[in-house]
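See below for the structure under consideration.
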Amino acid sequence: MHCQPADAGTMIRYVHWWIQQARDSAAEAQAADPSPENMMAAAQVEALVSMAEALHRIAAAIENHAGPQRTGIKRPNAD
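Taking the numbering used here, the leading residue of the sequence shown gets 356, the next gets one more, and so forth.
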C-alpha cells in the first residue's frame, strides 16, 4: 500500500488533534485520581506537548525561510 503525503493543512490538523487527545487524556486521568503521580504525569504530558508545538513551529519557520527545495521537504504541488 502506498501512502500519499498529506498537505500542510492536514498535517497541522493532525498535530492539533493529537495534542488535544493527549491533554484530554491527562485531564481525565487527573480528575479520576488526583494523586501526586497523576499530577506529575499531567505536567509531563503538557511539557511534551509544548515541546512538540515548539518543534512544529521551528520546522515551519525553517521551511518558510529556506523553502522546500533546500530543506528536502516535499509538499504536493511544490515543483
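C-beta atoms are modelled at their ideal positions from N, C-alpha and C, and glycine is treated no differently.
If you're wondering where the values come from, they're calculated on a predicted model, not measured in any experiment.
- Here DSSP, grouped into helix, strand and coil, assigns proline 391 to helix.
- Of the residues Met394, Ala421, Ile374, the one whose Cα lies closest to the Cα of valine 404 is Ile374.
- Rounded to whole angstroms, alanine 407 and aspartate 388 show a C-alpha spacing of 26 Å.
- When the alpha-carbon of alanine 397 is set against those of His411, Gln376, Ala416, Ala409, the nearest one is in Gln376.
- In this structure, glutamate 401 places its C-beta atom within 9 Å of the C-beta atom of arginine 378.
- Between alanine 415 and histidine 371, the alpha-carbon positions lie close to 15 Å from each other.
- Classified as buried, alanine 381 has 16 or more neighbouring CB atoms from the shown chains inside 10 Å of its CB.
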